[in-house]
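Q: Got a structure for you, written out below as structure tokens; questions coming shortly.
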Amino acid sequence: MPRAGWKKPETERRLSDLVSVGVLTRVFPPGLVDEVIAEVGRTEQRHRSLPARVMAYFSIGMALYSEGSYEDVLGQLTDGLSWASGWRESYALPSKSAIFQARARLGAEPLKALFERVARPIGTDQTPGVWLAGRRLVAIDGMCLDVADTTANAEHFGRPGVNKGERAAFPMARVVALAECGTHAVFAAEIGPYSQSEATLAEPL
45 MPRAGWKKPE TERRLSDLVS VGVLTRVFPP GLVDEVIAEV GRTEQRHRSL
95 PARVMAYFSI GMALYSEGSY EDVLGQLTDG LSWASGWRES YALPSKSAIF
145 QARARLGAEP LKALFERVAR PIGTDQTPGV WLAGRRLVAI DGMCLDVADT
195 TANAEHFGRP GVNKGERAAF PMARVVALAE CGTHAVFAAE IGPYSQSEAT
245 LAEPL
């Protein structure tokens, strides 16, 4: 299923894509992903072709392969997971409807919890630009991102107005994040409706 920004992907998997998924599993180890999924009550009651762990990686993978369709992203991901496991694991690509249903089962809570468990400042005492007078330098900034054109997203996030009362093609979320200066590592973020100001969105940070 094409999505915003989709472009026709290359037909062959590249080694760099497989390595990217290998790095992904080092940053988010399978055991940690399973633990977070259990904590928020999304553990599968029976084996499925798209278990919750795979869908958590899939959701992160959509950011790595932002120009690919859902099917291509899942193909890149499952090939990468198989490669990272030394080909001990294999996955069959399901139908489009199965992907949508699996994403709906997972929900947003595991991804939010996973981010909160993993995202941290990464600068050391020797990292240039991280410290000033013994204090860690942090920057705060905001941005807006298109989200999938669904009724639920439109109701929650809203659409920005364009010319003469028309509405944008996609709902839009507003994001405010804290990043470590020197490394640009984002370690805290809040996401809200487009209509919410950056100042109020940043208050929990």
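Number 240 in my numbering belongs to position 196 of the sequence shown; there are no gaps in the numbering.
Just so it is clear, CB atoms sit at the ideal spot from N, CA and C, and this is done for glycine as well.
Keep in mind the model is a prediction, meaning the values are calculated, not measured.
#1: Starting from residue 78, trace the beta strand (DSSP E) both ways and give me its first and last residue.
#2: DSSP state of residue 102, grouped into three classes?
#3: Output needed for residue 169: all residues of its chain with C-beta closer than 8 Å, excluding positions within five of it in sequence on either side, in chain order.
#4: Helix, strand or coil for residue 237? Go by DSSP, reduced to three states.
#5: Do three or more CB pairs link the region 215-225 to the region 172-186 at distances below 8 Å?
#6: So, is residue 211 buried or exposed, given that buried needs 16 or more other C-beta atoms within 10 angstroms?
#7: So, with DSSP's three-state summary, where would you put residue 192?
#8: Could you name each continuous beta strand (DSSP E) segment of 3 residues or more that falls completely within the region 110-192, going from the start of the chain to the end?
#9: Could you check the C-alpha separation between residue 71 and residue 124 for me, to the nearest Å?
#10: Could you check whether residue 67 and residue 157 sit closer than 7 Å to each other, using their CB atoms as the reference points?
#11: Closer than 8 Å is the cut-off here; do at least three beta carbon pairs connect the region 191-209 with the region 137-154?
#12: Name the DSSP bridge partner or partners of residue 221?
#13: CA-CA distance, residue 93 and residue 190?
#14: Would you say residue 201 and residue 238 are within 7 Å of each other, going by their C-beta atoms?
#15: Flag this pair as yes or no: are the beta carbons of residue 227 and residue 166 separated by less than 7 Å?
#16: Who pairs with residue 226 in a beta bridge, going by DSSP?
#17: Measuring only the C-alpha atoms, how far is residue 140 from residue 119?
#18: When you compare the CB positions of residue 106 and residue 117, do they come within less than 7 Å of one another, or not?
#19: Once you ignore the five residues that flank residue 217 on each side, which residues in its own chain have a CB closer than 6 Å to its CB?
#20: In three-state terms, what does DSSP make of residue 70?
#21: Any idea what DSSP makes of residue 244, helix, strand or coil?
#22: Excluding the 5 residues preceding and the 5 following residue 142 in the sequence, name in chain order all residues of the same chain whose CB lies nearer than 8 Å to its CB.
A: Short version:
#1: Taken as a continuous stretch (DSSP letters only), residue 78 belongs to no beta strand (DSSP E), being part of the alpha helix (DSSP H) at 74-83.
#2: Note: residue 102 maps to helix in three-state DSSP.
#3: Taken in chain order, the residues that qualify are 175.
#4: Strand.
#5: Segments in contact, yes.
#6: Sixteen is the threshold: since fewer than 16 other Cβ atoms of the shown chains lie within 10 Å of the Cβ of residue 211, the residue is exposed.
#7: Three-state result, residue 192: coil.
#8: With a minimum length of 3 residues, the unbroken runs of beta strand (DSSP E) contained wholly in the region 110-192 fall at 182-190.
#9: Their backbone Cα atoms lie some 14 Å apart in a straight line.
#10: Cβ atoms of residue 157 and residue 67: not closer than 7 Å.
#11: No, because fewer than three Cβ pairs between the region 191-209 and the region 137-154 fall closer than 8 Å, the two stretches do not touch.
#12: Answer by DSSP bridge pairing, in chain order: 185 and 233.
#13: Spanning the alpha carbons of residue 93 and residue 190 requires a straight line of approximately 29 Å.
#14: Yes; because the gap between Cβ atoms is below 7 Å, this pair is in contact.
#15: Yes, Cβ-Cβ distance for residue 227 and residue 166 is below 7 Å.
#16: Residue pairing by DSSP places residue 226 in no beta bridge whatsoever.
#17: About 12 Å.
#18: In this structure, residue 117 lies closer than 7 Å to residue 106 by Cβ.
#19: Short of 6 Å from the beta carbon of residue 217, and not among the five residues preceding or following it, lie these beta carbons of its own chain, in chain order: 189, 191, 201 and 235.
#20: If DSSP states are grouped into helix, strand and coil, residue 70 belongs with the helices.
#21: Correct three-state label for residue 244: helix.
#22: The answer, listed in chain order, is 93 and 94.
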